[in-house]
Amino acid sequence: MTDLIVKTYIAYLPIAILLTFIVARIFFKNSKIFMLDIFSGRQEIATSTNRLFETGFYLLSLGFALFRMKINKSQFTTYKNEFVEGVRVSTEELGYGMQELFETLSSKIGMLSVVLGIMVFFLMFMLFRGKKKSAAGRARKEELQRMQEI
Amino acid sequence: MNTLFVYTIYLCIAGLITIQVGKDLHRNGYHLILDLFDNEQFSKTVNNLLLTGYYLVNIGYIAITVSKFGAMDSEVQAIEELSRNVGTILLILGTLHFNNIIVLHALSKRKQSIINYINT
Numbered sequence: 001m002t003d004l005i006v007k008t009y010i011a012y013l014p015i016a017i018l019l020t021f022i023v024a025r026i027f028f029k030n031s032k033i034f035m036l037d038i039f040s041g042r043q044e045i046a047t048s049t050n051r052l053f054e055t056g057f058y059l060l061s062l063g064f065a066l067f068r069m070k071i072n073k074s075q076f077t078t079y080k081n082e083f084v085e086g087v088r089v090s091t092e093e094l095g096y097g098m099q100e101l102f103e104t105l106s107s108k109i110g111m112l113s114v115v116l117g118i119m120v121f122f123l124m125f126m127l128f129r130g131k132k133k134s135a136a137g138r139a140r141k142e143e144l145q146r147m148q149e150i
Numbered sequence: 001m002n003t004l005f006v007y008t009i010y011l012c013i014a015g016l017i018t019i020q021v022g023k024d025l026h027r028n029g030y031h032l033i034l035d036l037f038d039n040e041q042f043s044k045t046v047n048n049l050l051l052t053g054y055y056l057v058n059i060g061y062i063a064i065t066v067s068k069f070g071a072m073d074s075e076v077q078a079i080e081e082l083s084r085n086v087g088t089i090l091l092i093l094g095t096l097h098f099n100n101i102i103v104l105h106a107l108s109k110r111k112q113s114i115i116n117y118i119n120t
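Sequences listed follow chains A and B, in order.
Going by the numbering used here, the first residue of the first sequence is number 1, and it counts up by one from there.
Going by the numbering used here, the first residue of the second sequence is number 1, and it counts up by one from there.
Put into structure tokens, the structure is as follows:
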């Protein structure tokens, strides 16, 4: 039965990595415009901040994916206690078939994608907040300039 | 499962990730630090010092975790231990990295507020 567990891992890893890469590509391709706005058009610092966030995103999501990969085997094990001639004989049986494979695989990938979604929404919130803050800062600077001119 | 073989794979993966991520951060973090200090020489120095500290912390942590592997009797356990340890390293790296960004951002904001204060 450990054979099927290895198969689950082999199926899980590419899906998790692919999912992370696709999400990160889509998100950070579109966040560049926000970064340009936040850093008021300074191309260099906007690109490198975007790249820094992308690296952090990859690190956190792949780290989570690998950290949570282990399958809890006690969930599928059935313990039996039998008395053979007055002596207790305990046996363990690992019931891990094709059905359990798909169930664990889908629950793990679902967990990963929920976490990815939360992370994407958090980053979006940060981007909107940064945009608002930088707009307020720019307005303040213009006001200061106008006051100095007067 | 041969324990030494698993350790070798682990050290290769962890070292590669550390070095690649370090290079990337070193290249891209420079602009952020330059924005903060406005002095090329000084920001290069700070950047190199940060990279050195990063390597020291990470390689030290990797070396410590080698002795913390659990039992690896079968292939399954070896894969599980490997993934758990690499995952921990990635999570720690990510947390440290976001922490760094937040600190740099806070510093640059403080500097901006000081400049605004001087101007008024």
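All residues carry an ideal CB built from backbone N, CA and C; glycine is no exception.
Fair warning: this is a prediction, and the values are worked out from it, not measured in the lab.
Residue i Cβ short of 7 Å to the ligand FMN heavy atom set
i        : result
Lys68(B) : Ligands displayed in this structure: none; no statement on the ligand FMN is therefore possible.
CB contact check: residue i to chain A, cutoff 8 Å
i         : result
His97(B)  : yes
Ser43(B)  : no
Val66(B)  : no
Arg110(B) : no
His26(B)  : no
Residue nearest to residue i in terms of C-alpha spacing, selected from the options
i        : options                                   : result
Ile62(B) : Ile114(B), Leu4(B), Thr18(B)              : Thr18(B)
Ser61(A) : Asn50(A), Gln148(A), Ala24(A), Thr78(A)   : Ala24(A)
Ile64(B) : Asn119(B), Leu11(B), Phe5(B), Leu4(B)     : Leu11(B)
Thr20(A) : Val89(A), Arg146(A), Leu144(A), Met111(A) : Met111(A)
Gly15(B) : Asn116(B), Leu90(B), Asn28(B)             : Leu90(B)
Nearest-angstrom Cα separation, counted from residue j out to residue i
i         : j        : result
His105(B) : Glu75(B) : 45 Å
Glu103(A) : Met72(B) : 26 Å
Gly86(A)  : Gly95(A) : 27 Å
Val6(B)   : Ile79(B) : 9 Å
Lys68(B)  : Ile71(A) : 20 Å
Ile39(B)  : Ala11(A) : The amino acid at residue 39(B) is misidentified as Ile; the sequence shows Asn. Their backbone Cα atoms lie some 50 Å apart in a straight line.
Lys131(A) : His31(B) : 20 Å
CB of residue i within 8 Å of CB of residue j, strictly
i        : j        : result
Ala65(A) : Ala16(A) : yes
Thr47(A) : Asp24(B) : no
Cut-off 6 Å between Cβ atoms - residues of its own chain near residue i, not counting five sequence neighbours on either side
i         : result
Leu58(B)  : The amino acid occupying residue 58(B) in the given sequence is Asn; Leu does not appear at that position. Closer than 6 Å at the Cβ level, and outside the excluded window around Asn58(B), lie Thr18.
Leu101(A) : Leu4, Thr8
Glu93(A)  : Thr78
Thr91(A)  : Lys80
Thr49(A)  : Met35
Residue i at chain B interface by Cβ criterion, 8 Å
i        : result
Gly63(A) : yes
Lys70(A) : yes
Tyr9(A)  : yes
Cβ shell of residue i (< 8 Å), same chain only, five flanking positions each side left out
i         : result
Arg138(A) : Ser40
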